[in-house]
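Note that the protein sequences, when read in sequence, are chains A and B. So that you can map any letter, position 144 of the first sequence is 144 in the UniProt record's numbering, and since no number is skipped, the others follow by simple counting. So that you can map any letter, position 293 of the second sequence is 293 in the UniProt record's numbering, and since no number is skipped, the others follow by simple counting. Where is the CB? At the ideal position from N, CA and C, for every residue including glycine.
There are 2 protein chains.
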Amino acid sequence: MEIIQSNNYPIYFDNSIVELVNFIKQSGYSRFFIFTDENTGKYCLPVVKEKIDQFDNYDIIEINAGEESKNIDFCIGVWKMLIDFGADRNSLIINLGGGVISDMGGFVASTYKRGIDFVHIPTTLLSQVDASVGGKTGIDIEGIKNIVGTFAQPKAVFMINEFLKTLPPRQILSGLAELLKHGLIADAQLWADLKQNDLTQPSPELIHRSVKIKNKIVLEDPTEKNIRKALNFGHTIGHAVETYSLLNDQVPLSHGEAIAIGMICEAWLSNKNADLPDADLQDITATLTTLYPKYQLHENNFDALFKIMQMDKKNLNGKINCTFLTRIGQFSIDNICTEEELYNSLRYYAAL
Amino acid sequence: MEIIQSNNYPIYFDNSIVELVNFIKQSGYSRFFIFTDENTGKYCLPVVKEKIDQFDNYDIIEINAGEESKNIDFCIGVWKMLIDFGADRNSLIINLGGGVISDMGGFVASTYKRGIDFVHIPTTLLSQVDASVGGKTGIDIEGIKNIVGTFAQPKAVFMINEFLKTLPPRQILSGLAELLKHGLIADAQLWADLKQNDLTQPSPELIHRSVKIKNKIVLEDPTEKNIRKALNFGHTIGHAVETYSLLNDQVPLSHGEAIAIGMICEAWLSNKNADLPDADLQDITATLTTLYPKYQLHENNFDALFKIMQMDKKNLNGKINCTFLTRIGQFSIDNICTEEELYNSLRYYAAL
């Protein structure tokens, strides 16, 4: 498949490990560091290690798996390790993992000595279709997602499809929400094709189409001043549900499970406020409720959810900002939502 | 005096408080935060506050004074305060203070929600001639200066000369080292003029000339790939002495005191390796030893100093990198120094 050119860096879909080895050979880094977690350390690192053991100038930095690790304490730990390993400005960080690894590894790299190079090997479907493109890094503080971060581009992204086969079904579903979103905001054909495919293991071709959509949007608006906000569809409410669940549930919702809820609610808001046709709302609701388990949202959780929405980075002047669909495949940005509308959209989901 | 245009932002030297008020009025920020320390809170904040009390959408964030505060724990504290105050992406941070405030306030701002706007009101001579230009932010980890940071430009810098009159003489001397350095690397006339002036309170005109030199260099090379390294003259050894003193002395050396030592040592290296004339070395040595108190450097501290130099951000592939003078007013970058040469330069200073 064609190499996708993002913001001055290539995204490889074929022969990615060979491409990675070539990249390391040609780049002349003084040292490189593979940043990984327990899971990718177990399932993915051996595959990569086999090919890069020809190099002797690298170390492995492993952290605990999970969103709880995406905090400043782990960053401090990694910065200190880089200091201890004597990492200079000509070092490279290879982020081998899902969104936590790429977000945090990107943040650590973009701030260590005011920025060293990094590349991603996204190992989850979510990080392949989402974190691989866009140049956002971030960590959570006090449970607020990505409240601290930078805009920084990797030097390359290497997609290795076989890693997806090691993932549990829930992880695939989590990434799937972003694929579906890319169809909903920009490509009705992708949405239609996704519905007709086996979504327990999306094909590399569908992933490639999805990444291409996100890449096109991000290249047009790298710092999220206008059309990049399209990508926030489902995320105003979805992020709040995700944060809420992370703080309250023993087994928190995955990102995609939360975004699926957000997309249903925001599709309802789009239907009320942006003329999204009734048939489209029904299609979106039926598709997402079939794919994703129902989450119990109660009227007495709504205040807490609304409080989290008020903290959203996307808000300006205290107003809650949503991206709507005008139809499947088309979006409208910068829609202010009132408290009442947001509560009603949550009621729509709760009543399904 | 003429407004200096730096990397897309103006540096005001006259009527700066009026300019600040106009800036706030015109910019439409949802909220602003004055970031200050105990000292500037006491001496400088009242002057600023008097003019900005016409606004009601601001808060004050005060930290302890001193380099010890420039750490990640204080950053976390400030990020949390911004969260608690509900700071959105359309917020502004006003850094009112010396280098610690501008470096850390710039870092906090450039990473909060992936970057909000900030301006500097530098209140020390050092921050006026150094931190006001260049777009570097940073914090220390494990005593290693600026090991974590970003490149990020303020929206404006406001110089208020009267603040310098509140400074103790040692603070003036600290900033003076950077003024002298700007003469040494790029303007023999500035060096000559500085020597003939009352340096206990450098005139706004001399400060303006010094800022202009740094600005010219930084604009040509914003990310320090080549000629910006000129500004590192005196800093390879000077930073090591500064860090060493911070870790070991009850009353640590100021930045300028340490850089003055570094400039003497690196002038000696320049004389040995880059044909700096003997007369220039003598001039530099005599001028700096007259202005700055002698620091006791002993042979048995040299290993510790060398270890710190090996951690320097400027090193590549483990080699220690220095900027030399070829004569007063001219520099040469990317000179690799051996351990022996560095030790000998320290011996030169110790024997003065």
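- N344 (chain B): not part of any beta strand (DSSP E); member of the alpha helix (DSSP H) spanning 339-350, first to last residue.
- In this structure, the alpha-carbon of D278 (chain B) lies about 12 Å from that of A286 (chain B).
- Per DSSP, D88 (chain B) lies in no alpha helix (DSSP H) and is assigned neither H nor E.
- Interface with chain A (8 Å Cβ-Cβ cutoff): V251 (chain B) is excluded.
- Under a 10 Å Cβ-count criterion, E2 (chain B) is classified as exposed, with fewer than 16 other Cβ atoms of the shown protein chains found around its own Cβ.
- In the DSSP assignment, F107 (chain B) falls outside any beta strand (DSSP E) and lies within the alpha helix (DSSP H) extending over 99-111.
- The Cβ-Cβ distance between F33 (chain B) and Y58 (chain B) falls below 8 Å.
- The Cβ atoms of D140 (chain A) and G97 (chain A) do not sit closer than 8 Å to each other.
- Each of A:C337, A:K314, A:R209, A:N317 was checked against the Cα of C265 (chain A), and the nearest Cα belongs to A:C337.
- Here the stretch 172-187 of chain B lies against the stretch 321-335 of chain B, with 3 or more beta-carbon pairs under 8 Å apart.
- Counting only Cβ-Cβ distances below 8 Å, F32 (chain B) has no contacts in chain A at all, with the closest Cβ about 13 Å away.
- DSSP, reduced to helix, strand and coil, places T287 (chain A) within a helical segment of the structure shown.
- Residue range 10-12 is occupied by the beta strand (DSSP E) that includes P10 (chain B).
- Counting the other CB atoms within 10 Å of its CB gives Q282 (chain B) a total below 16, which places it among the exposed residues.
- Interface with chain A (8 Å Cβ-Cβ cutoff): L164 (chain B) is excluded.
- Interface criterion met: the Cβ of E142 (chain A) is under 8 Å from a Cβ in chain B.
- Exclusion of the five residues before and after G105 (chain A) leaves F35, I93, N95, F118 as the residues of its chain whose Cβ lies within less than 7 Å of its Cβ.
- In the DSSP assignment, N39 (chain B) falls within the unbroken alpha helix (DSSP H) covering 38-43.
- The continuous stretches of beta strand (DSSP E) do not include V241 (chain B), which lies in the alpha helix (DSSP H) extending over residues 235-248.
- Within the same chain, and ignoring the five residues on either side of A350 (chain A) in sequence, the residues whose Cβ sits closer than 6 Å to its Cβ are L297.
- DSSP places F302 (chain A) within a helical segment (H, G or I) once states are collapsed to three.
- Counting other Cβ atoms within 10 Å of its Cβ, N315 (chain B) reaches 16 or more and is therefore classed as buried.
- For the stretch 34-59 of chain A, there are no residues whose beta carbon sits under 7 Å from a beta carbon of chain B.
- In terms of beta-carbon proximity, K136 (chain B) lines the interface with chain A, with at least one pair separated by less than 8 Å.
- At a Cβ-Cβ threshold of 8 Å, E178 (chain A) and L126 (chain A) count as neighbours.
- Judged by DSSP in its simplified three-state form, D193 (chain B) adopts helix.
- Under the 10 Å beta carbon count, L352 (chain B) is surrounded by fewer than 16 other beta carbons and is classified as exposed.
- Counted as a single uninterrupted DSSP element, the stretch harbouring L184 (chain A) is not any beta strand (DSSP E) but the alpha helix (DSSP H) occupying residues 169-186.
- Within chain B, the C-beta atoms nearer than 8 Å to that of T150 (chain A) come from S110, T111, R114, G115, T150, in chain order.
- For L276 (chain B), there is no enclosing beta strand (DSSP E), as DSSP gives it neither H nor E.
- Residue contact with chain B for N317 (chain A): present (Cβ-Cβ distance below 8 Å to some residue of chain B).
- Along the stretch 71-90 of chain A, going in chain order, the ones with a CB nearer than 7 Å to a CB of chain B are I72, I76, W79, K80, I83, D88, R89, N90.
- Between D312 (chain B) and H239 (chain B) the beta-carbon gap is near 7 Å, inside 8 Å, which marks them as a contact.
- Judged by DSSP in its simplified three-state form, K51 (chain B) adopts helix.
- Below 8 Å, too few C-beta pairs join the stretch 110-124 of chain A and the stretch 58-73 of chain A to call them touching: fewer than three.
- Between the alpha carbons of Y295 (chain B) and V218 (chain B) lies a distance of about 31 Å.
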